[in-house]
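Residues 1 to 679, numbered by UniProt numbering, are exactly what the sequence shown covers, in order.
Cβ atoms here follow ideal geometry from the backbone N, Cα and C, with glycine treated the same way.
Structure, as structure tokens:
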Amino acid sequence: MKQARATCPLDCPDACSLVLTIDDDTNRLLKVEGDPDHPFTQGFACVKTYRYPERNHHPLRPLYPLRRVGPKGSGQFEQVSWEEALDHIANRLRQVIDQHGGEAVLPYHYAGTMGLHQYAHPLAFFRAIGACELDETICATAGAAAWEATYGSPRYGIDPEDVPRAKFIFLWGINSLHTNTHLTPFLKQARHNGAKIVHIDPYENLTSRFADEHVKLRPGSDGALAYAMAHVILREELHDVAYLERATQGFEQYRAAAEEWPPERAERVTGVPAATIERLALEFARARASFIRTSYGMTRHPGGASAQRAVLLLPALIGAWQYRGGGALLTTSGAFRLERSYLGGAHLLRGEHQPKGYFRPNPAVRHINMSQLGSALTRLDPPIRALFVFNSNPLVVAPRSDLVQQGLAREDLFTVVLEQALTETARYADYLLPATTFLEHPDLYTAYGHFYLSWNEPVMRPQGEARPNTWVFAELARRLGLEEPTLYWSAEDLAHSLLSSGHPWLEGITLERLKAEGYVRLNTPREFLPFKDGANPPSGKIRFDPPPPVILTEPDEEFPLILLTPPAKHFLNSTYGHVERLVQGEGGEPVLLVHPQDAALYGVQEGRRVRIRSRHGAVVRKARVSEAPMPGTVVLEGTWWERYAPDGKGVNWLTGEHLTDMGAGSTFHSNPVRLEALD
């Protein structure tokens with residue numbers, strides 16, 4: 001037996017430091033625990049991570065290169081050697097590029113791992129062959145656009161370790177006990193110190209029950225609620241005039257917009273009583289050191305970026321950024337001031353280097369919005385002819401599953417999937433290549449929920465013949481004769497480059513130190529008041545202009561309910577969707593939450609099956625009649641694997657490809673649906 005430390009690689013702000021127990025003789029992971037020495041992890045892991053041993057050694061994990069022998073989607077494969085697989089893939093890729101150009105090749109990936117070498121650096125290969133550029137919009141781009149339009153770039157908020165100093169806290173549009181678990185001890189400390197915690201969310205969940213108060217609002221109406229609170233604050237003259245004059249711009253335009261939203265009007269739009277709006281606005285403003293922890297849920301509406309801008313302006317209105325614990329937090333990612341010039345071949349995309357070999361520069365790179373993959377695979381002209389999927393399961397997680405499935409089923413689409421599980425997407429692969437997990441390769445990790453940079457050494461031998469993503473693409477690059485050096489960088493090479501920025505927040509943080517210590521806190525000031533006197537570039541001022549519009553998510557007569565698809569406690573997107581004990585922890589199958597008023601209106605009965613129909617498709621689910629959602633709102637928690645759904649269809653058979661007002665992001669929470677009771 002041995003113990004080792006590693007950072008969790010998954011798409012979660014906590015980026016936990018973990019203590020692993022490993023049987024070195026059998027090469028098996030036996031136990032995962034939270035690192036008690038890590039200041040943010042504080043000795044505990046989430047319910048999902050505790051089950052990582054079952055995922056790492058799951059029977060559905062591919063361990064050898066596989067070639068399709070049955071129909072697409074059948075999951076019928078035969079084992080082949082790495083040499084045979086790579087030679088064939090390289091030859092097919094060469095044919096596609098020679099006949100159709102690099103724009104016929106599409107990489108589809110996301111945050112199945114957040115390690116920079118395995119997550120971002122494989123893009124260097126695709127940029128070297130002039131492939132399509134994937135616009136990574138499925139999660140954060142609307143929120144990023146909202147933040148940057150308000151506070152500039154890079155993006156970061158208050159130090160999460162200062163949360164205990166807050167005097168009033170809004171958890172706005174975030175189920176933090178599911179998706180930011182390690183913030184909870186800091187919230188408890190704040191409460192012990194006298195802070196009130198209010199959860200604002202369209203349905204009651206674990207965070208609602210943790211908070212001192214839960215405020216339900218109609219999906220997509222966050223901007224109206226924020227403006228109404230601003231209306232009360234301005235009316236009562238609780239805004240910080242000196243701060244607004246010193247640190248902001250465009251305030252008078254914003255004031256005029258807020259004056260149009262008295263609480264009574266907002267009540268009609270949001271469903272939140274005017275008296276509640278009045279009270280919360282006054283409590284928030286009078287506390288001064290008030291804090292808003294928000295996330296990307298509210299942005300997944302047609303007006304989501306504008307709604308988030310309206311919420312993010314509230315701390316600036318009262319000057320909360322001048323006090324420790326006051327302000328807002330969406331992400332800490334911008335605090336990691338790394339040298340990213342070569343990450344993922346960024347220099348190739350900029351056209352700064354023309355390497356020798358089979359390099360195919362593309363002066364007019366074709367961009368594909370990942371939230372519109374279904375249309376890209378079925379309607380694009382000229383078509384995509386080669387698809388490489390890694391760190392993602394688009395058949396389950398992307399909108400319009402019907403179109404994604406149609407695209408993956410094309411016989412003329414050559415598909416290569418690098419995976420750690422036999423996912424729904426993997427079943428459509430022409431070649432399924434076994435990928436290493438975070439335990440089996442080295443990598444560098446930032447975070448988007450704290451200020452600790454970390455390094456993972458491989459602590460186990462790869463299972464079977466699994467190989468890192470970067471190894472696969474380096475081998476393909478060799479077969480294509482690509483001579484660009486960065487295509488062959490090791491994780492250590494990349495880390496040295498990333499750490500060379502010279503930014504004071506990285507001073508003294510070297511790869512050698514990271515290897516010795518495992519994780520190191522950035523050199524941000526301990527008294528971190530990032531927007532005490534203004535914002536980041538380009539303006540240097542917090543921007544109230546232009547005032548964000550209120551764009552509502554509206555049902556219609558044919559589809560009168562709004563469907564929300566938030567995360568479940570036991571899953572992280574689809575990563576853990578095949579781990580049986582986590583599936584059972586979620587109840588064994590996906591369940592639709594329906595308010596009693598809507599259940600009565602549409603003949604829905606507790607425990608009975610109901611068909612949910614949208615403009616794009618229909619799925620069948622068991623109904624749970626519950627006071628948790630607002631009337632007019634139904635909720636399906638979790639991105640389940642399709643095998644556990646009663647009709648074999650995931651939630652994204654219902655969702656559309658329409659995009660947000662800023663950032664061209666996904667709109668998973670703005671799905672008008674109707675219910676059809678089944679006998």
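Could you give the DSSP three-state label for Val272: helix, strand or coil? Reduced to three states, the DSSP call for Val272 is coil.
Helix, strand or coil at Ser574 according to DSSP, with G and I counted as helix: Note: Ser574 maps to coil in three-state DSSP.
Alpha carbon to alpha carbon, how far is Leu529 from Thr248? Give it in angstroms, no decimals. Here the alpha carbons of Leu529 and Thr248 stand approximately 15 Å from one another.
For the beta strand (DSSP E) containing Gln3, name the first residue and the last one. Counting along the chain, the beta strand (DSSP E) containing Gln3 begins and ends at Lys2 to Thr7.
Please classify residue 754 as buried or exposed, where buried requires at least 16 neighbouring CB atoms within 10 angstroms. Nothing about residue 754 can be read from this structure; the chain reaches only from 1 to 679.
To which residues does DSSP link Tyr519 through a beta bridge? Tyr519 pairs with Ser454.
DSSP bridge partner residues for Asp493 (one or two, in chain order): Here Asp493 is not bridged, per DSSP, to any residue.
If Leu413 and Leu377 are in contact, beta carbons under 8 Å, what's the gap, nearest whole angstrom? Confirmed, about 7 Å.
Can you name the residues that DSSP bridges to His281? Here residue 281 is Ala; the residue named in the question, His, does not match the sequence. Bridge partners of Ala281 according to DSSP: none are assigned.
I need the boundaries of the beta strand (DSSP E) containing Pro107, first residue and last residue. Its beta strand (DSSP E) spans residues Val105 to His109.
If we count the other Cβ atoms within 10 Å of its Cβ and call it buried at 16 or more, is Glu424 buried or exposed? Buried: at least 16 other Cβ atoms inside 10 Å.
Boundaries of the beta strand (DSSP E) in which Asp98 is found, first to last residue: That residue, Asp98, is in no beta strand (DSSP E); its alpha helix (DSSP H) goes Trp82 to His100.
Quick check on the DSSP output: what are the complete alpha helix (DSSP H) runs of length 4 or more inside the stretch 631 to 660, in order along the chain? Runs found: none.
Just how far apart, CA to CA, sit Pro504 and Pro525? As the crow flies, the alpha-carbon of Pro504 is around 10 Å from that of Pro525.
When the Cα atoms are used, what is the spatial distance from Cys132 to Val105? In a straight line, the C-alpha of Cys132 is about 6 Å away from that of Val105.
Runs of alpha helix (DSSP H) wholly within the stretch 315 to 401 (minimum 4 residues, chain order): Along the length of the stretch 315 to 401, whole alpha helix (DSSP H) runs at least 4 residues long occupy 346 to 349, 373 to 379 and 394 to 397, reported in chain order.
Any beta strand (DSSP E) of 3 or more consecutive residues that is wholly inside the stretch 192 to 259: Counting whole runs of 3 or more residues, the stretch 192 to 259 contains the beta strand (DSSP E) stretches 196 to 200 and 213 to 215.
Compare the C-alpha of Arg608 against each of Met460, Glu557, Leu675 and Tyr445 and name the closest. Taking only the C-alpha atoms, the option nearest Arg608 is Leu675.
Given a threshold of 16 other Cβ atoms within 10 Å of its Cβ, counted over all protein chains shown, does Glu103 qualify as buried or as exposed? Glu103 sits buried, since 16 or more C-beta atoms from the chains shown fall within 10 Å of its C-beta.
Closest Cα partner of Tyr108 within the set Arg513, Ala228, Ser290 and Leu408: With respect to the C-alpha of Tyr108, the residue from Arg513, Ala228, Ser290 and Leu408 having the closest C-alpha is Leu408.
Just tell me which of Val651, Gly663 and His669 has its CA closest to the CA of Leu564. His669 is the residue among Val651, Gly663 and His669 whose C-alpha sits nearest the C-alpha of Leu564.
I'd like to know whether the C-beta atoms of Leu522 and Ala335 end up nearer to each other than 8 Å. Cβ distance < 8 Å, so Leu522 and Ala335 count as in contact.
Would you kindly check if the distance between the Cβ of Leu476 and the Cβ of Pro65 is under 8 Å? At a Cβ-Cβ threshold of 8 Å, Pro65 and Leu476 do not count as neighbours.
From His121, Pro9, Gln3 and Ala85, pick the residue whose C-alpha is nearest to that of Ser497; which is it? Restricting attention to His121, Pro9, Gln3 and Ala85, the CA atom closest to the CA of Ser497 is found in His121.
Status (buried if at least 16 other CB within 10 Å, exposed otherwise) for Thr26: Of the residues assessed, Thr26 falls on the exposed side of the cut-off, its CB having fewer than 16 other CB atoms within 10 angstroms.
For Gln42 versus Leu20, is the C-beta spacing smaller than 8 Å? Not closer than 8 Å, so no.
Could you tell me whether the stretch 51 to 60 touches the stretch 576 to 587, using the rule of 3 or more Cβ pairs below 8 Å? As far as the Cβ criterion goes, the stretch 51 to 60 touches the stretch 576 to 587, which means the pair count is three or higher.
Range covered by the beta strand (DSSP E) that runs through Ala623: Here the beta strand (DSSP E) through Ala623 covers Ala618 to Val625.
Kindly give me the distance between the Cβ atoms of Ala111 and Asn391, rounded to whole angstroms, as I take these residues to be in contact under 8 Å. That pair is a contact at about 7 Å.
Ala623 versus Gly588 - alpha carbon distance: Taking the straight line from one Cα to the other gives about 14 Å.
Going by the CB atoms, is the gap between Gly173 and Ser295 shorter than 8 Å? Yes, they are a contact pair.
What is the DSSP secondary structure of Tyr50, counted as helix, strand or coil? In the structure shown, Tyr50 sits in a helix (DSSP, three-state: H, G or I).
How do the stretch 593 to 610 and the stretch 652 to 660 stand: do at least 3 beta-carbon pairs fall below 8 Å, yes or no? No, the stretch 593 to 610 does not touch the stretch 652 to 660.
Which of helix, strand or coil DSSP assigns to Ser500: DSSP places Ser500 in coil when its eight states are reduced to three.
Ala305 and Trp261 - do their beta-carbons sit closer together than 8 Å? No, the Cβ-Cβ distance between Trp261 and Ala305 is not below 8 Å.
Give me the residue from Ala346, Lys188, Val198 and Gly326 with the minimum Cα distance to Leu171. Looking at the Cα atoms, Val198 is the closest of the given residues.
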